[in-house]
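Numbers in our numbering are just positions in the sequence shown, counted from 1, shifted up by 42. The beta carbon of each residue, even a glycine, is placed where N, CA and C say it ideally should be. Please read these numbers as outputs of a predicted model, since none were measured by experiment. The structure appears below as structure tokens.
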Amino acid sequence: MKITIRVMRQAGPHAEPRLIDYEVPGVSEEMSFLEMLDVLNERLTARGEDPVAFDSDCREGICGMCGIVINGVAHGPERTTTCQLHMRSFKDGDTITLEPWRSSAFPVIKDLVVDRSSFDRIIDAGGYISVNTGAAPDAHAVPVPKPDADRAFEAAACIGCGACVAACPNASAMLFTAAKVTHLGLLPQGQPERDARVVNMLAQHDAEGFGGCTNIGECAAVCPKEIPLDVISTLNADLERAMVHGR
């Protein structure tokens, strides 16, 4: 296949962004999307041009490092991570537009690379437990109802890629924050900090400059790990509980 890649290039955080077209011939439909970008960068490097900067690490859909808005959709046309997207999702002659995650809380570092450390600060604000577990407990020593365990595992699947923010018209990180609150709030170990956790994480979410949630649902629609939208309801319930308890 011969593909035209239209990339939003930005030399640095304060540089003017501009769209630049590159032709990439000889693309195999078996290539992953990032492998196709590797081919493009090899060609650019061979010509003495600056390669396109993009994030990647495990390339197995696990770490959440990769993230590109592809033709206006976070992670592209398939509900997966960018690294697990393959060129068979496109056809010969396509023009594919690439942009970074767009949010004031995700400042652009270069080209398609953004600073997502705001997510780390949200977790630092409350995503921990202080229970001293001591030695390894006996199996099933602390019973957890299966529905709660299943729900906690479902929320814990969040990899923090930021697609929810990129897809949300308000650039809200509420799905991410709610997944972390839900994950820990359903387990016995998470109870001591439960009230403080939801209040502190929400306060940090707002302090980072993320927008408010208006329940549009775009976040859940693009989430590669299929975090359900109703974790936000769980977060709201925990916030109400914290307010009742005087938080």
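In whole angstroms, give me the CA-to-CA distance for Val173 and Gln231. 6 angstroms
Starting from the Cα of Ile62, find the closest Cα among Met243, Asp237, Ser74, Asp92 and give me that residue. Asp92
Can you give me the C-alpha to C-alpha distance between Ser98 and Ser275, rounded to a whole angstrom? 32 angstroms
Considering just the uninterrupted stretch of the alpha helix (DSSP H) at Val241, what are its terminal residues? 236 to 249
CA-to-CA distance, Gly169 to Cys125, given in whole angstroms: 27 angstroms
Extent of the continuous beta strand (DSSP E) to which Asp63 belongs: 60 to 66
DSSP beta-bridge partners for Glu72? Beta-bridge pairing links Glu72 to no other residue.
Would Asp237 be called buried (16 or more neighbouring beta carbons within 10 Å of its own) or exposed? buried
Apart from the five residues just before and just after His128, which ones in its own chain have a Cβ nearer than 6 angstroms to its Cβ? Ser74
Curious, which full-length alpha helix (DSSP H) runs of at least 4 residues does the stretch 114 to 143 contain? none
Does Lys267 come out as helix, strand or coil in the three-state DSSP assignment? coil
Skipping 5 residues on each side, what residues in its chain have a beta carbon closer than 6 angstroms to that of Ala208? Val111, Ala116, Trp143
Thinking just about the alpha-carbon of each residue, which of Ala249, Ser70, His56 is nearest to the one in Gly135? Ser70
Beta bridge counterpart(s) of Val155 as assigned by DSSP: Lys152
DSSP three-state assignment for Arg89, whether helix, strand or coil: coil
Roughly how many angstroms lie between the CA atoms of Lys152 and Leu82, to the nearest whole one? 17 angstroms
How should Glu141 be labelled, buried or exposed, when 16 other C-beta atoms within 10 angstroms of its C-beta is the threshold for buried? buried
Evaluate the contact criterion for the stretch 184 to 191 versus the stretch 251 to 265: three or more CB pairs, one atom per stretch, below 8 angstroms. no
In chain order, what are the residue ranges of uninterrupted alpha helix (DSSP H) at least 4 long that sit wholly in the stretch 177 to 202? 188 to 198
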